[in-house]
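Input: a single structure, listed below in C-alpha cells.
Residue numbers (my numbering), protein chains in the order written: chain A, 1 to 215; chain B, 1 to 247.
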C-alpha cells in the first residue's frame, strides 16, 4: 500500500486534480443553467412543467447509462462527462433555488417594496442574504453528488479518481481500490464540511444569529 | 382643506378571479387626518391601501397624490412618500433594529435620514429604548409590540407624508394594542402625518379615526366622522356593524 503511494504519487495527485477539475467545471456549468431553468419555469406554465418533467427523467437515468447515451453525441472524454454531470445537477439545483425564493415571505417582500427599495438594491440587501442558506445547501448536496458520480466518468475516458478505482478493479489491486475509495470519500467529506461551514454562517446571518444561540 | 390623496372611480379585480374586489371607489383624503378603514375580511380594505403605494394596480380609475396621477410617478419615489406598516411587522430578520430603521435611507443615500441621530430620534418617537444594546438587537429578540414600534419607526424614517397602516396592531394583545393606539395618536399629534389605518375592529377605528370609511364587498358604505356615523348611519349594514361592535 505504502509502496504503491510512493511509486504512483504523481498519478494519484494528477487524478485527484483531474477529479477536482471535473467537479469544478460541472458546477460552473450547472449553476447558470439552473438559474436559467428557474427563470423559464417561473415565467411559463406549460413549458415550465415540461422542463421539470425532463429534469426528473434525466435524474432517474443511471449515471453510466446517461454517459453512454451522450457518447454518440459528444464522443468520449471530459466534455461529455461535464455535460452529463451538469444535466444530473439540474433538478437538485432548480429545487433549491425554488425553495430559496420561497424563503422570502410575502410580508418581507411587501415591506421591502413598500419602503421604496428599488430592484437591484432590494435584491442585494434583502432577497439575496435571505436566499443564501438555501442556495449554499443546494450547492453542497450537488457538490457531494458530483464528486461521487464523477468517479463513473472515468469509464468514458474523462479521467479523475475513477481511473484509479477501475484500474484497481481490472488488475485486482487492493492498494489501488482502497486508495481510490479513501480519496473519493475523503474529498466528498471535505467539500461537504467546507460548504456546511459556509451554510451555517449564512443561516446565522440570515436569521440575525437566532440559529447560533443554540435555541 | 387640502386634499393629499384622491381615489377616483377605482375598480380592482385579480386577473385569476372574475370577482370584483373593489367597485367604483371614490373618496378624498385630507392632509393631516386619520381615516380608519373598517371592514370584514375579504371586504377589500387591504387592497384599498395597497393601491395607494402601487403594490397593486387598479383595473380602472385613478389615484392622485397631491394632484398628480400616481401611475405616472416613479414607483420607488412614490413609496418613499408613503410609510407602510403591516400586521406581521415585515422586519428584515438579518438586520439589527438600527439597520432596519434606516435601510431605505441608506440604500437611497439620503445622508440626513441615514444618520445615527435620526435613528435615535425615531426610537424616541416610537417610545423605544435608544441605547446601543437595543439598536443592535435583531427582530427575533423583540416582543410583538416592540416589533411593531420598530416597523413604525422604519416607516417614518424618510419623513413620508402619508402613513399606510394595514392592521398594524392586529396581532398584539389587548393591553399593548391600547398602548400603541394611544402612542400613535400622540405621534400623529406631534408629526401631523396623514394616516390611512386599516382595521376590522370598530373600537379601534373609532378611537383613532377622524373619519371612518366603512367598506363591504368592495363598496364604500359610508365615510363619516364617528359622530355622524352614530347619529346618521347610512344603511342597515352600518347600523348592524355599530351594534355588533358595541357588543
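C-beta atoms are modelled at their ideal positions from N, C-alpha and C, and glycine is treated no differently.
Keep in mind that this is a model prediction, so the values were computed, not measured.
- Fewer than three beta-carbon pairs drawn from the region 57-73 of chain A and the region 121-133 of chain A are found closer than 8 angstroms, and the two stretches are therefore not classed as touching.
- Note on the region 50-132 of chain B: whole beta strand (DSSP E) runs with a minimum of 3 residues are 60-65, 82-86, in chain order.
- With fewer than 16 other CB atoms across the displayed protein chains lying within 10 angstroms of its CB, residue 47 (chain A) is exposed.
- The region 16-33 of chain B and the region 208-225 of chain B touch, with no fewer than 3 CB-CB distances between them shorter than 8 angstroms.
- Straight-line spacing of the CA atoms in residue 107 (chain B) and residue 117 (chain A) works out to 7 angstroms.
- Here residue 239 (chain B) carries a helix assignment [DSSP, helix/strand/coil].
- For residue 140 (chain A), the three-state secondary structure derived from DSSP is helix.
- Residue range 3-13 is occupied by the beta strand (DSSP E) that includes residue 12 (chain B).
- Neighbours of residue 48 (chain A) across chain B, judged by C-beta separation under 8 angstroms, do not exist; the nearest C-beta is about 17 angstroms away.
- Our two residues, residue 181 (chain B) and residue 208 (chain B), have alpha carbons roughly 7 angstroms apart in a direct line.
- With a threshold of 8 angstroms between beta carbons, residue 104 (chain B) makes contact with chain A.
- For residue 206 (chain A), the closest Cβ of chain B is nearer than 8 angstroms.
- Residue environment analysis places residue 68 (chain B) among the exposed positions, since fewer than 16 neighbouring C-beta atoms fall within 10 angstroms of its C-beta.
- Flagged as an interface residue toward chain A: residue 79 (chain B), by a C-beta distance shorter than 8 angstroms.
- Of the candidates A:88, A:37, A:79, A:106, A:88 places its Cα closest to the Cα of residue 144 (chain A).
- In the three-state scheme derived from DSSP, where H, G and I count as helix and E and B as strand, residue 19 (chain B) is classed as coil.
- If you ignore the 5 residues before and after residue 190 (chain B), its C-beta comes within less than 8 angstroms of the C-beta of 125, all in its own chain and listed in chain order.
- In the DSSP assignment, residue 165 (chain B) falls within the unbroken beta strand (DSSP E) covering 162-166.
- Per the DSSP secondary-structure output, residue 213 (chain B) pairs in a beta bridge with B:37, B:223.
- Short of 8 angstroms from the beta carbon of residue 92 (chain A), and not among the five residues preceding or following it, lie these beta carbons of its own chain, in chain order: 59, 138, 141, 142, 145.
- Counted as a single uninterrupted DSSP element, the alpha helix (DSSP H) harbouring residue 198 (chain A) occupies residues 174-206.
- For residue 195 (chain B), DSSP records a beta bridge to B:34, B:163.
- Fewer than three pairs of CB atoms, one per stretch, sit closer than 8 angstroms, so the region 185-198 of chain A makes no contact with the region 72-83 of chain B.
- The beta strand (DSSP E) runs lying completely inside the region 25-100 of chain A and spanning 3 residues or more number zero.
- For the region 84-98 of chain B, the set of residues with a beta-carbon nearer than 9 angstroms to any beta-carbon of chain A comprises 84, 85, 86, 87, 88, 89, 90, 91, 92, 93, 94, 95, 96, in chain order.
- At a cut-off of 8 angstroms between beta carbons, residue 129 (chain A) contacts chain B.
- Counting only Cβ-Cβ distances below 7 angstroms, residue 55 (chain B) has contacts in chain A at 110, 113, 114, in chain order.
- Distance from the CA of residue 82 (chain B) to the CA of residue 160 (chain B), rounded to the nearest whole angstrom, comes to 5 angstroms.
- Counting C-beta pairs closer than 8 angstroms gives three or more between the region 73-84 of chain A and the region 149-168 of chain A, which meets the contact rule.
- A Cβ of chain B is located within less than 8 angstroms of the beta carbon of residue 125 (chain A).
- With respect to the 8 angstroms criterion, residue 149 (chain A) and residue 209 (chain A) are not classified as neighbours on the basis of their beta carbons.
- Here residue 104 (chain A) carries a coil assignment [DSSP, helix/strand/coil].
- Considering only beta carbons, the part of the region 37-63 of chain B lying closer than 7 angstroms to chain A consists of 53, 55, in chain order.
- In the DSSP annotation of this structure, residue 234 (chain B) is not part of any alpha helix (DSSP H), being labelled neither H nor E.
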